[in-house]
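Let me begin by presenting the structure, written as structure tokens, before commenting on it.
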Amino acid sequence: MKVTWNLPDGAQITADVQTGTNMMEAAVANNVPGVIGECGGNLSCATCHVYVDAGWTDRTGDAEDFEDAMLDVAEAERRPESRLSCQIEASDDLDGLVLIVPQP
Amino acid sequence: MTVWTPTDDGFADLTSHDTFARGAPHNTFARLRRDDPVHWTEWDGGEGFWSITRHADITEMNRNFAVFSSARGIRMEDQTYEEYLARRTFQETDPPEHMMTRIKVAKAFSKPVIAKFEEDIRTLCDEILDTALQHGEFDATKLIARQLPMRMLGRILGLPDEDLPWLVEKGDALIANTDPDFTDHVLDRMTTDEFRMMPFNSPAGAELYTYAKDLMARKEAAGDTSGVLHLILQPGKDGSVITEEEFRNFFCLLVAAGNDTTRYSIAAGIQAMCHQPELLGQMQEGGAIWDTAPDEIIRWTTPATYFRRTVTRDFEAHGKTMREGDKVLFWFASANRDEEAFDDPFRVNLFRSPNKHLSFGQSGPHVCLGMWLARLEVRVLFQELCKRIKSVEPAGEHKFLRSNFVGGIKELPVRVKLQ
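In the order they appear, the protein sequences are chains A and B.
Every letter in the first sequence is one number past the one before it in the working numbering, and letter 49, counting from 1, is 49.
Every letter in the second sequence is one number past the one before it in the working numbering, and letter 396, counting from 1, is 1396.
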């Protein structure tokens, strides 16, 4: 599947991501600035916070309890479309997904 | 000139605290990374253990908590199940249990909340540096590095200022429980059985237990809800409340962890400035260096030398089989000098970026809760220090802590010239 990250400076990074990979790992592998993932995808750091682009939120679903709590810990402002990208897994259903990297 | 040259013969005893009293045995770590990246050590002080020394391996295994569990202890020393239950904090749990506690305190230590303390930290740094720099020659660990972290933690926890020196002393006794300069109850030199149910097997743990309990009672009576401690006493989303034992252990953990890790990063950073004189000028130029310098100083230091895990099922790596129940040590001190992960790892490069060091246990669920505070304290301290001095140089031999768990310079005699 393809994923596009929209960066705060207006640049875009698009990459092919293998099914089963999570979006934090995909961002780190593709050097997407602003997505760090210091806890390795274990819901302990909130450094992989992204906004899911309008139109995709139904398919990416809602944050579960721990993720919901950790979204309060993120550096950038929390919005309804906020997610920790380590909790979004690549699937065919998400082909074309657009994620917005928050302004720090 | 690099900062110091490791002197071990490449076959140092990793179980010996005396080994680390001469600095981390980096020649040994380099040999293990090259020849034996999953290395077995027999030990007469307890069960033997595996050592993982490569950056890539630790990164991979640390995130795999289902196999590499924290729930059987996090240090080399063995614990009975009974001791483990009595002494554990959320450091000694795995997800999802780990998260139940972590979410109660994560907000208070989050980057945006911590960022609000910057001016407080700067004021404290002013006071500390103005006092220390009155001396031309002094111990920089004692007069600078040791001062800042506990005073800052006191603010965040909502502790009275007058209690802080006592807490520094107790925190030292806890975490430096293998160094006779910091405790009368040296862990590997005497029986500490009397205190085996206490954090870090230490009588200081018992005293801190009592302190935490009295403190909360006083605060409750006064209606004082300031600080992080109040936050973690609130019921969780599922209505669960932290037990008294959990609370007291968490308090001890904060005092221990908040006390000496950043202290040793500050000390090692000052030592690096002594031996790489270009660092001071680079700091004085300022600008983007402050985005990268704190992490490089913290990589260079690696205050937590290792953390231990226990294997929950047989696991193979590099031709070795780690068996269910085996202890495994992730040597962050080694990973942070791994030539495969860092160019010129034995040199401090304040512009290093990216800097995928593992000093905070990055890549696993136990990544340091206080990492934003640590980075901020290190940044502000060095910003303020470099403004004031023209040069800093060694004024005698530095001494390392006697501990294979905490890597730190406990005495750092320096000579400074002011601007």
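Positions of the beta carbon are idealized from the N, C-alpha and C atoms, including for glycine.
Using only alpha-carbon positions, find the residue among the options that is nearest to residue i.
i	options	result
glutamate 89 of chain A	A/Arg59, A/Val101, A/Ile100	A/Arg59
glutamate 1393 of chain B	B/Asp1035, B/Leu1418, B/Asp1044	B/Leu1418
cysteine 1274 of chain B	B/Cys1386, B/Pro1165, B/Trp1331, B/Val1380	B/Cys1386
glutamine 1079 of chain B	B/Glu1384, B/Ile1289, B/Ile1389, B/Lys1327	B/Lys1327
arginine 1087 of chain B	B/Ile1298, B/Phe1315, B/Leu1174	B/Leu1174
glycine 983 of chain B	A/Val35, A/Gly40, A/Val17	Past the boundaries of the shown model lies residue 983 of chain B; chain B is included only from 1001 to 1419, so the question cannot be answered.
proline 102 of chain A	A/Val35, A/Gln18, A/Val73	A/Val35
leucine 1358 of chain B	B/Ser1240, B/Met1216, B/Ile1298	B/Ile1298
arginine 1309 of chain B	B/Thr1292, B/Phe1049, B/Arg1033, B/His1017	B/Phe1049
methionine 1322 of chain B	B/Glu1092, B/Glu1083, B/Arg1034, B/Thr1041	B/Thr1041
aspartate 1179 of chain B	B/Val1416, B/Arg1415, B/Glu1411	B/Glu1411
glycine 1258 of chain B	B/Glu1384, B/Arg1031, B/Leu1157, B/Asp1044	B/Leu1157
glycine 1353 of chain B	B/Thr1101, B/His1098, B/Trp1290, B/Ser1069	The amino acid occupying residue 1353 of chain B in the given sequence is serine; glycine does not appear at that position. Cα-wise, what sits closest to serine 1353 of chain B is B/Trp1290.
leucine 1208 of chain B	B/Gly1407, B/Ser1070, B/Met1100, B/Lys1170	B/Lys1170
lysine 1061 of chain B	B/Ala1012, B/Asp1224, B/Phe1315	The question names lysine, but residue 1061 of chain B is methionine in the sequence shown. Taking only the C-alpha atoms, the option nearest methionine 1061 of chain B is B/Phe1315.
isoleucine 1260 of chain B	B/Cys1125, B/Leu1167, B/Thr1053, B/Glu1137	Reading off the sequence, residue 1260 of chain B comes out as aspartate, not isoleucine. The shortest C-alpha separation from aspartate 1260 of chain B is found at B/Leu1167.
arginine 1248 of chain B	B/Lys1107, B/Ala1268, B/Ala1221, B/Ala1204	B/Ala1204
serine 1069 of chain B	B/Glu1324, B/Asp1018, B/Phe1405	B/Glu1324
histidine 1318 of chain B	B/Thr1019, B/Asp1013, B/Ile1052, B/Ala1030	B/Ile1052
valine 50 of chain A	A/Arg83, A/Phe66, A/Asp95	A/Arg83
phenylalanine 1342 of chain B	B/Lys1219, B/Glu1220, B/Asn1355, B/Arg1034	B/Asn1355
proline 1112 of chain B	A/Asp92, A/Val98, A/Met70, A/Leu97	A/Met70
histidine 1026 of chain B	B/Ala1108, B/Arg1054, B/Gln1276	B/Arg1054
alanine 1108 of chain B	B/Glu1244, B/Ser1226, B/Thr1292, B/Gln1282	B/Ser1226
alanine 1024 of chain B	B/Phe1332, B/Arg1122, B/Ala1288	B/Phe1332
proline 1423 of chain B	B/Asn1349, B/Gly1236, B/Ile1058, B/Thr1093	The question about residue 1423 of chain B has no answer, for chain B in this structure spans 1001 to 1419.
So, under 8 Å CB-CB, residue i and residue j are touching, yes? Tell me the CB distance rounded to an integer number of Å.
i	j	result
tyrosine 1306 of chain B	leucine 1329 of chain B	5 Å
glycine 37 of chain A	cysteine 86 of chain A	6 Å
leucine 1253 of chain B	threonine 1089 of chain B	4 Å
phenylalanine 1020 of chain B	glycine 1361 of chain B	At roughly 19 Å, the Cβ-Cβ gap does not stay under 8 Å, so phenylalanine 1020 of chain B and glycine 1361 of chain B are not in contact.
Count the other C-beta atoms from every protein chain shown that fall within 10 angstroms of the C-beta of residue i, then say buried if there are 16 or more, exposed otherwise.
i	result
isoleucine 1376 of chain B	For the sequence presented, residue 1376 of chain B should be read as leucine rather than isoleucine. Classification for leucine 1376 of chain B: buried.
arginine 1313 of chain B	exposed
glutamine 1234 of chain B	exposed
tyrosine 1081 of chain B	exposed
asparagine 22 of chain A	buried
aspartate 1295 of chain B	buried
asparagine 42 of chain A	buried
histidine 1135 of chain B	exposed
lysine 1116 of chain B	exposed
threonine 1210 of chain B	exposed
proline 1160 of chain B	exposed
glycine 1046 of chain B	exposed
methionine 1001 of chain B	With a pLDDT of 44 at methionine 1001 of chain B, under the threshold of 50, the modelled position of this residue cannot be trusted; read the value that follows with caution. That one is exposed.
glutamine 1271 of chain B	buried
lysine 1008 of chain B	Looking at the sequence provided, one finds aspartate at residue 1008 of chain B rather than lysine. By the 10 Å Cβ count, aspartate 1008 of chain B comes out buried.
asparagine 31 of chain A	exposed
valine 17 of chain A	buried
leucine 1085 of chain B	exposed
What first and last residue would you give for the alpha helix (DSSP H) that runs through residue i?
i	result
phenylalanine 1250 of chain B	1244 to 1275
phenylalanine 1020 of chain B	1017 to 1020
tryptophan 1040 of chain B	Where tryptophan 1040 of chain B is concerned, there is no enclosing alpha helix (DSSP H), although the beta strand (DSSP E) it sits in stretches over 1038 to 1041.
lysine 1410 of chain B	Unbroken run through lysine 1410 of chain B is the beta strand (DSSP E), 1409 to 1411; no alpha helix (DSSP H).
isoleucine 1058 of chain B	1055 to 1063
histidine 1098 of chain B	1097 to 1105
histidine 1026 of chain B	1026 to 1035
methionine 1371 of chain B	1371 to 1388
valine 1168 of chain B	1164 to 1175
threonine 1007 of chain B	Run containing threonine 1007 of chain B: none; DSSP gives neither H nor E here.
What first and last residue would you give for the beta strand (DSSP E) that runs through residue i?
i	result
leucine 97 of chain A	97 to 100
glutamate 1137 of chain B	1137 to 1139
serine 82 of chain A	82 to 84
tryptophan 1050 of chain B	1049 to 1052
leucine 1279 of chain B	Unbroken run through leucine 1279 of chain B is the alpha helix (DSSP H), 1278 to 1285; no beta strand (DSSP E).
glutamate 1316 of chain B	1315 to 1317
leucine 1329 of chain B	1327 to 1331
aspartate 1309 of chain B	Rather than aspartate, the amino acid found at residue 1309 of chain B in this sequence is arginine. First-last of the beta strand (DSSP E) with arginine 1309 of chain B: 1306 to 1311.
methionine 1322 of chain B	1320 to 1322
lysine 1116 of chain B	Element bounds for lysine 1116 of chain B: n/a, residue is neither H nor E.
isoleucine 13 of chain A	12 to 16
- Query: Can you list, in chain order, the residues of the segment 1064 to 1079 of chain B whose Cβ is nearer than 8 Å to any Cβ on chain A?
  - Reply: So the close ones are Phe1065.
- Query: Going along the segment 1366 to 1396 of chain B in order, which residues come within less than 8 Å of chain A, judged by CB to CB distance?
  - Reply: Residues of the segment 1366 to 1396 of chain B with a Cβ closer than 8 Å to any Cβ of chain A, in chain order: His1366, Val1367, Met1371.
- Contact list for the segment 30 to 44 of chain A against chain B, Cβ threshold 7 Å: Result list: Glu38, Cys39, Gly40, Gly41, Asn42, Leu43, Ser44.
- Mind checking the segment 1097 to 1125 of chain B against chain A and listing, in chain order, the residues whose C-beta falls within less than 7 Å of any C-beta there? Cβ contacts with chain A: Met1099, Arg1102, Ile1103, Ala1106, Lys1107, Ser1110, Lys1111, Pro1112.
- Query: In the segment 64 to 88 of chain A, which residues sit with their C-beta less than 7 Å from some C-beta in chain B, listed in chain order?
  - Reply: Those would be Asp65, Phe66, Ala69, Met70, Asp72, Val73, Glu75, in chain order.
- Taking a cut of 8 Å between CB atoms, which residues from the segment 1338 to 1368 of chain B lie near chain A? The residues in question are Phe1360, Gln1362, Ser1363, Gly1364, Pro1365, His1366, Val1367.
- Query: Listed in chain order, which residues of the segment 1404 to 1416 of chain B have Cβ atoms closer than 7 Å to some Cβ of chain C?
  - Reply: Going by chain labels, chain C is absent from the structure shown, which instead holds the protein chains A and B.
- Message: Give me the subset of the segment 1151 to 1174 of chain B whose CB atoms are less than 7 Å from a CB atom of chain A, sorted by chain position.
- Response: Per Cβ criterion, the list is empty.
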